[in-house]
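Residue numbers (our numbering): 18 to 314.
Ideal Cβ positions, reconstructed from N, Cα and C, are used throughout, including at glycine.
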């Protein structure tokens, strides 16, 4: 997680930083802004400290530990989920943190299926932020599917989505190494399914630039690639079979495909962040994909 504040104030921005996306956001803050940055982590981050980052070890089970770390912080960008994020929100409110970005960064929260497979405590976090809406400003960064899901060795190789159940190579839509694909073509109404994609690096750029905005809407979206593509009936049948067979791994892999068919990763064009920051030149999916797979015969 990252905590920051605009210079020259003494406040900072805080960012829990153990994932690849966390580190990209932290690097972007350090490289392109004058904001002060504090990285919060469960463990001592020797390598990050050696690289010049200000890191604080926190205990997410201790309100006192979190409140101490958040003293003087202006903005929190969270990449932790579940109960740790709820405790982080409570601590942020107690410390009068001005703004909080919960750990989302992909699809629209309002379209998340209620079966719980895709919800790792994020819905509870948004509900808690809504409860404190008079005390803290928040936004959800809606960025669609990360390119890294299609990466060599999967997005887990980038330390992204490690606990999701669909972070391995070939777990989402395409398996380039095997030249196979399971793509949701239509939604339940037989309309073409669309999915918006972006790279983790570009997400980091937009998130960091958004820190400079005076006010945050409750959602900010951005996209680069938009692609229209098995029918929901086939996917639902496979999900039913996985549920009947107790195949939890299979359920976790199918859940994001069903969510794609239901439009969770599609949103309006032009995207908000693209229009606010037109000078950010984002990476085309084709260019990213060819570069990522260039070494694979």
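- DSSP assignment within the segment 174–227 yields the following whole alpha helix (DSSP H) runs of 4 residues or more, N-terminal first: 217–227.
- If you draw a straight line from the Cα of residue 93 to the Cα of residue 109, it is about 8 Å long.
- Going by DSSP, residue 39 is part of the alpha helix (DSSP H) stretching over 37–49.
- Excluding its 5 nearest sequence neighbours in each direction, residue 116 has C-beta neighbours in its own chain below 8 Å: 91, 92, 93, 153, 154, 155, 156 and 233, listed in chain order.
- Membership of residue 236 in the beta strand (DSSP E) is indicated by the continuous run 236–238.
- Scanning 272, 310, 102 and 100 for the CA closest to the CA of residue 201 turns up 272.
- Residue 163 sits in a strand when the DSSP states are folded into three classes.
- Looking only at 171, 43, 165 and 161, the smallest Cα-Cα distance to residue 304 is reached by 165.
- Setting aside the 5 residues that flank it on each side, residue 183 is surrounded in the same chain by 189, 269, 270 and 273, each with a C-beta closer than 7 Å to its C-beta; the list follows chain order.
- With at least 16 other beta carbons inside 10 angstroms of its own, residue 173 counts as buried.
- Annotated as distal: residue 65 and residue 103, with beta-carbon spacing of 7 Å or more.
- Taken atom to atom, the span from the alpha-carbon of residue 257 to that of residue 266 is near 13 Å.
- In this structure, DSSP gives residue 311 a state outside helix and strand, which the three-state scheme calls coil.
- Judged by DSSP secondary structure, residue 104 falls within the alpha helix (DSSP H) whose first and last residues are 99–111.
- Linking residue 82 to residue 194 through their CA atoms gives a straight-line distance of about 45 Å.
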